[in-house]
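Visitor: Quick note on my numbering: the sequence shown kicks off at 129 and runs consecutively.
First, the structure itself, so that you have it in front of you.
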Amino acid sequence: MTKDRPKLVLASASPRRLALLEQIGVAPDALLPASLDETPERNERPRTLALRLAESKAAAGKRLADQDPALEGALILAADTVVSVGRRILPKAETADEAADCLRLLSGRAHRVSTAIGLITRKGSLRSRLVETRVRFKRLSESEIDGYLAAGEWRGKAGAYAIQGLAGCFVAKLSGSYGAVVGLPLYETANLLTGEGYPVHRDWHSKV
129 MTKDRPKLVL
139 ASASPRRLAL
149 LEQIGVAPDA
159 LLPASLDETP
169 ERNERPRTLA
179 LRLAESKAAA
189 GKRLADQDPA
199 LEGALILAAD
209 TVVSVGRRIL
219 PKAETADEAA
229 DCLRLLSGRA
239 HRVSTAIGLI
249 TRKGSLRSRL
259 VETRVRFKRL
269 SESEIDGYLA
279 AGEWRGKAGA
289 YAIQGLAGCF
299 VAKLSGSYGA
309 VVGLPLYETA
319 NLLTGEGYPV
329 HRDWHSKV
């Protein structure tokens, strides 16, 4: 416990998720990312994959935290984001060709972003939430796709784009949670943390 609040572990290496937490005044006490096989199971739905991976990452973070006495009783927070068109799950692009295929598929059409969060409580129980957001891209020209590939923002991103970066100008319409598309739905995350005794709002006065 720190200042009468539980410690918080973020089981993620994502700088975007860390920045989103910091946006609402939450600073994790430790970052304990876990390396997992994120390959979808046969016929696995996008929302099921997002929930499974978020919960698995939280469990892996818990195992790492248990090795550090200073993190005893910490809350473990994890998340995962899956981009899909229909039931087709788009990869977290690792090559330019893979990214180009994703961008051409997304061009001029709507897709769904499923972001799940998993929180392991101080008592060891697991709480999770799923947020689905619908995003529609403008029709992309080949020069826009080539420019985005050259910028390199697509690397490791679900669906090969980062909405908070250059690809923001590709988004014609968004229905749902912007934070969830970036990587962490803030409304649901804050509610989960508050429900487990983490005072999300307590120190806001000192940040003004």
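Cβ coordinates follow ideal geometry from the N, Cα and C atoms, glycine included.
Every value quoted in this text rests on a predicted model; they were computed, and no experiment measured them.
Near G189, which residues of its chain fall below 7 Å by C-beta distance, leaving aside the five closest residues on each side in sequence?
Guide: V137, A139, L160, A162, I204, A206
Visitor: Where does the unbroken beta strand (DSSP E) through L138 begin, and where does it stop?
Guide: 136–138
Visitor: For A308, which residues of its own chain have a beta-carbon under 6 Å away from its beta-carbon, when the five flanking residues on both sides are left out?
Guide: T243, V259, T261
Visitor: By the 10 Å Cβ neighbour count, where 16 or more other Cβ atoms means buried, how is G280 classified, buried or exposed?
Guide: exposed
Visitor: Could you give the residue range of the beta strand (DSSP E) that holds L258?
Guide: 254–265
Visitor: Given Y276, which residues of its chain have a CB within under 7 Å of its CB, disregarding the five upstream and five downstream residues?
Guide: When the five nearest sequence neighbours on each side are left out, the beta carbons in the same chain lying within less than 7 Å of the beta carbon of Y276 are those of L231, W282, L294, A295, in order along the chain.
Visitor: Apart from the five residues just before and just after E316, which ones in its own chain have a Cβ nearer than 7 Å to its Cβ?
Guide: Within the same chain, E316 has close Cβ partners I245, R257, V259.
Visitor: If we call anything under 8 Å between Cβ atoms a contact, is E166 one with L181?
Guide: yes
Visitor: So what's G325 in DSSP terms, helix, strand or just coil?
Guide: coil
Visitor: Between the beta-carbon of P327 and the beta-carbon of R133, is there less than 8 Å?
Guide: yes
Visitor: If distances are taken between C-alpha atoms only, which option among G201, D196, L146, R215 comes closest to A178?
Guide: R215
Visitor: Could you tell me the distance, in whole angstroms, from the CA atom of V154 to the CA atom of H239?
Guide: 30 Å
Visitor: Please state whether the Cβ-Cβ distance between G287 and R250 is less than 8 Å.
Guide: no
Visitor: Where in the stretch 282–332 do unbroken runs of the alpha helix (DSSP H), each at least 4 residues long, occur, reported from the N-terminal end onward?
Guide: 306–310, 314–323
Visitor: Which word fits A193, buried or exposed, when buried means at least 16 other C-beta atoms lie within 10 angstroms of its C-beta?
Guide: Answer is buried; the Cβ neighbour count reaches 16.
Visitor: Looking only at its own chain, which residues have a Cβ that is under 6 Å from the Cβ of A141, when we skip the five neighbours before and after it?
Guide: P161
Visitor: Look at the alpha carbon of A300 and the alpha carbon of Q151, and state the distance between them as a whole number of angstroms.
Guide: 25 Å
Visitor: Leaving out five residues on either side along the sequence, give the residues of the same chain with a beta carbon under 7 Å from the beta carbon of A318.
Guide: I152, V328
Visitor: In or out: G311 buried (at least 16 other Cβ within 10 Å) or exposed?
Guide: buried
Visitor: Looking at the structure shown, is S221 part of a helix, part of a strand, or coil, going by DSSP?
Guide: According to the sequence provided, residue 221 is Ala. The question's Ser does not apply to it. The answer is coil: DSSP assigns A221 none of H, G, I, E or B.
Visitor: Is T176 helix, strand or coil when you go by DSSP?
Guide: In the structure shown, T176 sits in a helix (DSSP, three-state: H, G or I).
Visitor: Using the C-alpha atoms, what's the distance from G325 back to I248?
Guide: Distance between the alpha carbons of I248 and G325: 13 Å.
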